[in-house]
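Just add 189 to wherever you are in the sequence shown, counting from 1, and you've got the working numbering.
By construction, the Cβ of each residue, glycine as well, lies at the ideal position given by its N, Cα and C atoms.
Being a predicted model, the structure only gives us computed values, none of them experimental.
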Amino acid sequence: MKFNKIVCVDNTKLNDEAISELRKLSVDEVEVHTDYPESCDEIIQRIGDAEGVIVSWHTELSEEIIEACSSLKYIGMACSLYDDESANVAVKFAREKGITVKGIRDYGDPGVAEFIISELIQLLNGFKGKQWKKMRRELTDLKIGIVGLGVTGQLLADCLIPFGTDLYYFSRTRKPEYEDKGVTYLELEELMSKCEVISFHLPKNTELIGEKLFNRTGNGKILVNTSLGLPFSKKAFQKWMQNGDNFAIFDGDGKKELSSETLEIENLIAQKTSAGWSTKTLERLSKKVLENIQDFVTSA
């Protein structure tokens, strides 16, 4: 089968090879947008009568939009799909309407781990001006807690183990294979209190930390967030940063929900770009998105 039309509704970042392959699956020319729509009406207008849509995590396809686009048969997410609750697509509603929704995973994780280690080393040693302690520190024996031991968390742990880092983790499910490697499981409250560095790797729309837990975390810590969104209360985080000698590291995605006032805090390091976005990331993302839609066409 072929779709009547495929629309890349926003800047999905698919490479030229993937777009070329999409053309083989569409009767009409593939419509590729390289910006982000600003309203529901604009999204609906872009989709029109298309049967296939590719969308990045930046754009929400709500029930209202899906209802209005009655020709839709397939929604391909050029982003991670961990669960329905954290998705930017109304997955359950779409599937109830008979629309197939496919997301991808594990495409930018190596770069995220590289980003975290790079930023930590620079902060521990003062290589970019800011330095955590008066004396430089190595990763060796540094107490690092990983919140969310999925693919990215596991990659980070694997990278840190050779340095002799003192590693801990909290996750919804226990990971015996990593406990065998010397990564110790702790409940979240104990991890936040014990660890000197806490790195968050959680799905979007997951908030675990409020003021009470920040108060028990203590001072002189480093918090790292590369999650899509904030896994903690914005107000509580801002207070924690302003009341102690804490540091925080954010990539472009992790900082998006922070206020301009919070971003001006002296010990907050926020990069403009997303961690893990590289040539290899682009290749993996494009390949996985394309394979999903090709599988749908083959099985239809």
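Reduced DSSP category for residue i - H, G, I as helix; E, B as strand; rest coil
{"i": "Met324", "result": "coil"}
{"i": "Ala207", "result": "helix"}
{"i": "Cys258", "result": "coil"}
{"i": "Phe359", "result": "strand"}
{"i": "Leu270", "result": "coil"}
{"i": "Ile454", "result": "coil"}
{"i": "Val278", "result": "strand"}
{"i": "Phe304", "result": "helix"}
{"i": "Thr406", "result": "helix"}
{"i": "Ser215", "result": "strand"}
{"i": "Ala283", "result": "helix"}
{"i": "Asp426", "result": "Before going further, note that residue 426 is Phe rather than Asp in the sequence given. Phe426: helix per DSSP, three-state reduction."}
{"i": "Phe352", "result": "helix"}
{"i": "Leu380", "result": "helix"}
Sheet register partners of residue i (DSSP bridge)
{"i": "Ile387", "result": "Gly334, Leu412"}
{"i": "Ile398", "result": "Phe421"}
{"i": "Lys291", "result": "Gly265"}
{"i": "Glu220", "result": "Val196"}
{"i": "Leu309", "result": "Leu309 is not bridged to any residue."}
{"i": "Thr373", "result": "Tyr357"}
Whole-number beta carbon distance between residue j and residue i, since they are thought to touch under 8 Å
{"i": "Leu391", "j": "Lys364", "result": "Actually they are not in contact, since the Cβ atoms of Leu391 and Lys364 sit about 15 Å apart, beyond 8 Å."}
{"i": "Phe421", "j": "Ile438", "result": "14 Å between Cβ atoms; not a contact."}
{"i": "Glu240", "j": "Phe282", "result": "That pair is no contact at about 17 Å."}
{"i": "Ser448", "j": "Leu203", "result": "With a Cβ gap of about 33 Å, Ser448 and Leu203 do not count as contacting."}
{"i": "Phe426", "j": "Phe403", "result": "7 Å"}
{"i": "Val386", "j": "Ile411", "result": "4 Å"}
{"i": "Thr201", "j": "Ser275", "result": "Not quite, the Cβ-Cβ distance comes to about 19 Å (not below 8 Å), so this is no contact."}
{"i": "Ala279", "j": "Leu250", "result": "6 Å"}
{"i": "Ile293", "j": "Asn481", "result": "7 Å"}
Start and end residues, beta strand (DSSP E) containing residue i
{"i": "Asp484", "result": "Looking at the DSSP string, Asp484 is not in any beta strand (DSSP E); the run it does join, the alpha helix (DSSP H), is 468 to 488."}
{"i": "Ala459", "result": "457 to 459"}
{"i": "Phe316", "result": "Note, Phe316: premise wrong, no beta strand (DSSP E); not H, not E."}
Segment limits, alpha helix (DSSP H) that includes residue i
{"i": "Gly342", "result": "340 to 349"}
{"i": "Pro365", "result": "365 to 368"}
{"i": "Glu446", "result": "Run containing Glu446: none; DSSP gives neither H nor E here."}
The stretch 262 to 269 in contact with the stretch 238 to 252 per 3-pair CB rule at 8 Å: Enough Cβ pairs lie closer than 8 Å, so yes.
Segment contact flag, the stretch 404 to 417 with the stretch 354 to 364, C-beta cutoff 8 Å, min 3 pairs: Cβ pair count under 8 Å is below three, so no.
Stretch-stretch touch, CB-based, cutoff 8 Å, three pairs: the stretch 299 to 308 with the stretch 462 to 474: Enough Cβ pairs lie closer than 8 Å, so yes.
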